[in-house]
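Protein chains: 2
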Amino acid sequence: MRVYNFAAGPATMPLAVLDEARSELSDWRGSGMSVMEVSHRSKDFVQVARESEARMRRLMAVPEGYRVLFLQGGATGQFAAIPMNLTGPGDRVSYVNTGSWSAKAVAEARRYATVDVVADEAATNYTTVPDQDTLRPADGAAYLHYTPNETIGGVEFGYIPEVGDVPLVADMSSTIMSRPVEISRFGLIYAGAQKNLGPAGLCVVLVRDDLIRRSRERTPSVWDYRTMAAQESMLNTPPTFAWYLLGLTLKWLEDQGGLDAMAERNRTKAGRLYAAIDGSDFYANPVAESARSWMNVPFLLADPALEPVFLQQAQEAGLTNLEGHRSVGGLRASLYNAMPPEGVEALIDFMKEFERSHA
Amino acid sequence: MRVYNFAAGPATMPLAVLDEARSELSDWRGSGMSVMEVSHRSKDFVQVARESEARMRRLMAVPEGYRVLFLQGGATGQFAAIPMNLTGPGDRVSYVNTGSWSAKAVAEARRYATVDVVADEAATNYTTVPDQDTLRPADGAAYLHYTPNETIGGVEFGYIPEVGDVPLVADMSSTIMSRPVEISRFGLIYAGAQKNLGPAGLCVVLVRDDLIRRSRERTPSVWDYRTMAAQESMLNTPPTFAWYLLGLTLKWLEDQGGLDAMAERNRTKAGRLYAAIDGSDFYANPVAESARSWMNVPFLLADPALEPVFLQQAQEAGLTNLEGHRSVGGLRASLYNAMPPEGVEALIDFMKEFERSHA
Numbered sequence: 094m095r096v097y098n099f100a101a102g103p104a105t106m107p108l109a110v111l112d113e114a115r116s117e118l119s120d121w122r123g124s125g126m127s128v129m130e131v132s133h134r135s136k137d138f139v140q141v142a143r144e145s146e147a148r149m150r151r152l153m154a155v156p157e158g159y160r161v162l163f164l165q166g167g168a169t170g171q172f173a174a175i176p177m178n179l180t181g182p183g184d185r186v187s188y189v190n191t192g193s194w195s196a197k198a199v200a201e202a203r204r205y206a207t208v209d210v211v212a213d214e215a216a217t218n219y220t221t222v223p224d225q226d227t228l229r230p231a232d233g234a235a236y237l238h239y240t241p242n243e244t245i246g247g248v249e250f251g252y253i254p255e256v257g258d259v260p261l262v263a264d265m266s267s268t269i270m271s272r273p274v275e276i277s278r279f280g281l282i283y284a285g286a287q288k289n290l291g292p293a294g295l296c297v298v299l300v301r302d303d304l305i306r307r308s309r310e311r312t313p314s315v316w317d318y319r320t321m322a323a324q325e326s327m328l329n330t331p332p333t334f335a336w337y338l339l340g341l342t343l344k345w346l347e348d349q350g351g352l353d354a355m356a357e358r359n360r361t362k363a364g365r366l367y368a369a370i371d372g373s374d375f376y377a378n379p380v381a382e383s384a385r386s387w388m389n390v391p392f393l394l395a396d397p398a399l400e401p402v403f404l405q406q407a408q409e410a411g412l413t414n415l416e417g418h419r420s421v422g423g424l425r426a427s428l429y430n431a432m433p434p435e436g437v438e439a440l441i442d443f444m445k446e447f448e449r450s451h452a
Numbered sequence: 094m095r096v097y098n099f100a101a102g103p104a105t106m107p108l109a110v111l112d113e114a115r116s117e118l119s120d121w122r123g124s125g126m127s128v129m130e131v132s133h134r135s136k137d138f139v140q141v142a143r144e145s146e147a148r149m150r151r152l153m154a155v156p157e158g159y160r161v162l163f164l165q166g167g168a169t170g171q172f173a174a175i176p177m178n179l180t181g182p183g184d185r186v187s188y189v190n191t192g193s194w195s196a197k198a199v200a201e202a203r204r205y206a207t208v209d210v211v212a213d214e215a216a217t218n219y220t221t222v223p224d225q226d227t228l229r230p231a232d233g234a235a236y237l238h239y240t241p242n243e244t245i246g247g248v249e250f251g252y253i254p255e256v257g258d259v260p261l262v263a264d265m266s267s268t269i270m271s272r273p274v275e276i277s278r279f280g281l282i283y284a285g286a287q288k289n290l291g292p293a294g295l296c297v298v299l300v301r302d303d304l305i306r307r308s309r310e311r312t313p314s315v316w317d318y319r320t321m322a323a324q325e326s327m328l329n330t331p332p333t334f335a336w337y338l339l340g341l342t343l344k345w346l347e348d349q350g351g352l353d354a355m356a357e358r359n360r361t362k363a364g365r366l367y368a369a370i371d372g373s374d375f376y377a378n379p380v381a382e383s384a385r386s387w388m389n390v391p392f393l394l395a396d397p398a399l400e401p402v403f404l405q406q407a408q409e410a411g412l413t414n415l416e417g418h419r420s421v422g423g424l425r426a427s428l429y430n431a432m433p434p435e436g437v438e439a440l441i442d443f444m445k446e447f448e449r450s451h452a
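The listed protein sequences derive, respectively, from chains A and B.
The first sequence begins at 94 in the numbering used here and counts up by one.
The second sequence begins at 94 in the numbering used here and counts up by one.
Okay, structure coming up:
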């Protein structure tokens, strides 16, 4: 029996995608082989790769002048690859710190460039995002980096920072394709696939053409944007099965009505859960209302001692992976694209019943 | 209907592995989730990771004092990561050039260190390997790198180079676990998984403890051996599904009788095919007998104009991906662990029949 899986990533995937993958796992398109067993340079796989790029461009309404790269090493790899590709020695870069993931991006970037943390929410214990009017890159910044959604804190930007001519770089791992976004506002968007796009092992990078002209000496070839763009992300063997699953996931997204439909569904899912939390003294969410995440909803019990009981009974009710991140504790429900509205309703019903029996 | 797939990589996988993966693709171990959908830090997945490492150590008889890392970015990523981790600025390193893959490793290493190519088979058109008595690292080399098997040329070392105290580094992507190897002779062994170990997207690195003490500034964290060893290869989200499939493949290898059984099977498979080629004027293999690969058998037709006909009829007979690498042309049969002896016999029968009708 399938459960409702609220994991933060690797995360639940559409059952239709898993079913399709299963149906052809050892005989792909009548080839007598798995898609895992064919060359990345075969006609059929190149078609998978190109179709998935085209579908991504269509779904996200990517304007002309951007490259789409499919890389290995995850978003954490890009924490290094971005300054390697977008800065020269001695360059300054601006970072916004809104939680655990932006802090990790800062730490890795410091190894390659001088980092100015131009806004820092540590003082609020990462319960909100910087005010739109105050957020500015430092003078001479090669780019400004921010994390539109923090998966651990459940904090999300309700706006796209205005940074003038400075390229805006966004780690969209946990929010990509959860709603339409104006791509032209960004210089570079990157995202590990394992939350909204498919399984772990693939990282998507959308980068504006003019930013891939310069790349630093000693950038590893597999992360050199110029090289990888010229090779259609096939300088070396890509993670073909992950790429194929990403393609199936994008097809599923189109079948669901695209990003407008996703936005509506995700807004509703999160809104229903926050309303349930706010409507009770038994549950609480610490994040400022304007900065609440649609994707990751952390919550606390008035009596923390009940957490293990909550998790155990939720598990028995088919609601899994609701523990908060090990660094912060508490509870957390991740509501990525593939979490159906019925899963959120089942969680809300469970929470109400749990409150009734334990309040 | 399954075919016999002679692709060089991504390559054929054991049908038993694909069947097991399929049977639990959307409900892993009764969890109601796919293994792709669970956290890499969950108890169940950590067990998969640890079991696969233990199984690899057992199968390969890895002695104490080596770390096993599971990294992203492929062997091509390691072309950069190895000098990053094993050299300091100004260091010299020795490389052996026996074909396309060692040449790529040389080109990438030159970006990080001074490379001495201490043996080069370009003059033989890559049809043999250096003589055992002449192969030596240059004075002061931080390591000596070689490619035990070249997938394109079909050239393989019949011996392990003797390099004294200099760490020996081997790209075993196409030969790992195809037979027992004396691990203690090596400082570092690395291998992309997509030939003998599973699907693309995972790279295994075995490295001797004393070599991970030094790592160069600005080594990306996801490729820093020390960091990754300390984090059990989970600094960031690993490619979990690829890792799981690697685990199933290792289990299959144990069921087959381990590496001694594999060596016997692989020796026989290759021997049968070379005998068929050598026993005919219609087919030819250009490689020196002592340097012939068990894993990749390139061959030519006396009349190259017949190649497209050969490939077409082979495909119709259920024998696929027999074209040579695009850089060299001709034909090639890759005979990794997962290619059953029956596949090789079917190929030999087809070749004989093709010769009868076209000679």
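For each residue, glycine too, the CB sits at the ideal point set by N, CA and C.
Short of 6 Å from the beta carbon of Phe-250 of chain B, and not among the five residues preceding or following it, lie these beta carbons of its own chain, in chain order: Val-222, Pro-241. About 5 Å separates the beta carbons of Val-315 of chain A and Gly-170 of chain B, which is inside the 8 Å limit, making them a contact pair. The beta carbons of Thr-207 of chain A and Arg-229 of chain A sit about 17 Å from each other, so the pair does not count as a contact at 8 Å. The beta carbons of Ser-145 of chain A and Leu-343 of chain A sit closer together than 7 Å. The beta-carbon distance between Gly-192 of chain A and Gly-246 of chain A, rounded to whole angstroms, is 4 Å. This is short enough to meet the 8 Å contact definition.
The DSSP assignment places complete beta strand (DSSP E) segments of no fewer than 3 residues inside the stretch 167 to 250 of chain A at 185 to 190, 207 to 213, 234 to 239, in order along the chain.
Beta-carbon to beta-carbon, Leu-237 of chain A and Val-256 of chain A are separated by about 5 Å, close enough to satisfy the 8 Å threshold. At a cut-off of 7 Å between beta carbons, Ser-132 of chain B contacts chain A. Contacts between Asn-98 of chain A and chain B, judged by CB atoms closer than 7 Å, involve Met-126, Glu-130 in chain order. Chain order gives the chain B residues near Arg-95 of chain A as Ser-119, Asp-120, Gly-125, Met-126, where near means a beta carbon separation below 9 Å. Comparing alpha carbon positions, the residue from A:Phe-392, A:Arg-301, A:Leu-179 closest to Thr-244 of chain A is A:Phe-392. The C-alpha of Pro-401 of chain B is placed about 39 Å away from the C-alpha of Arg-203 of chain B.
Judged by DSSP secondary structure, Tyr-367 of chain B falls outside any beta strand (DSSP E) and instead within the alpha helix (DSSP H) spanning 351 to 371. The Cβ atoms of Tyr-429 of chain A and Lys-197 of chain A do not sit closer than 7 Å to each other. Interface flag for Val-262 of chain B against chain A is unset, since no Cβ pair is found closer than 7 Å. In this structure, DSSP gives Tyr-337 of chain A a helical state, which the three-state scheme calls helix. At a cut-off of 7 Å between beta-carbon atoms, Val-186 of chain B makes no contact with chain A. One alpha carbon belongs to Pro-107 of chain B, the other to Leu-424 of chain B, and they sit about 23 Å apart. The shortest C-alpha to C-alpha distance from Asn-218 of chain A to any of A:Gly-436, A:Ala-381, A:Pro-433 is the one to A:Ala-381. Listed along chain A are Arg-311, Thr-312, Pro-313, Ser-314, Val-315, Trp-316, each with a C-beta nearer than 9 Å to that of Ala-173 of chain B. With its beta carbon less than 7 Å from one in chain B, Gln-287 of chain A belongs to the interface. When 7 Å is used as the limit between beta carbons, Pro-331 of chain A is near these residues of chain B: Ala-293, in chain order. Neighbourhood of Phe-443 of chain A in chain B, by CB distance below 7 Å: empty, with the nearest CB roughly 15 Å away. For Ser-187 of chain B, the CB contacts under 6 Å within the same chain, skipping 5 residues up- and downstream, are Asp-209, Val-211, Pro-230, Ala-231, Ala-234, Leu-237 in chain order. In this structure, the straight-line span from the alpha carbon of Asp-303 of chain B to that of Glu-416 of chain A is close to 39 Å.
Bounds of the alpha helix (DSSP H) holding Tyr-318 of chain A are 318 to 323.
Counting along the chain, the unbroken beta strand (DSSP E) around Ile-282 of chain B starts and ends at 281 to 285. Taking Ser-383 of chain B as reference, the option from B:Leu-366, B:Cys-296, B:Tyr-252, B:Glu-347 with the minimal CA-CA separation is B:Tyr-252. Of all C-beta pairs linking the stretch 326 to 337 of chain B to the stretch 324 to 331 of chain A, fewer than three are shorter than 8 Å, placing the two stretches out of contact.
In the DSSP assignment, Pro-434 of chain B falls outside any beta strand (DSSP E) and within the unbroken alpha helix (DSSP H) covering 434 to 451. Where Phe-392 of chain B is concerned, the enclosing beta strand (DSSP E) starts and stops at 389 to 394. At a cut-off of 7 Å between beta carbons, Phe-334 of chain A contacts chain B. For Ala-114 of chain B, the uninterrupted alpha helix (DSSP H) segment begins and ends at 108 to 116.
In this structure, Lys-362 of chain B keeps its C-beta atom at 7 Å or more from the C-beta atom of Pro-313 of chain B.
Glu-201 of chain B has a beta carbon lying within less than 7 Å of a beta carbon in chain A. Val-96 of chain A is positioned such that its CB atom lies closer than 7 Å to that of Gly-411 of chain A.
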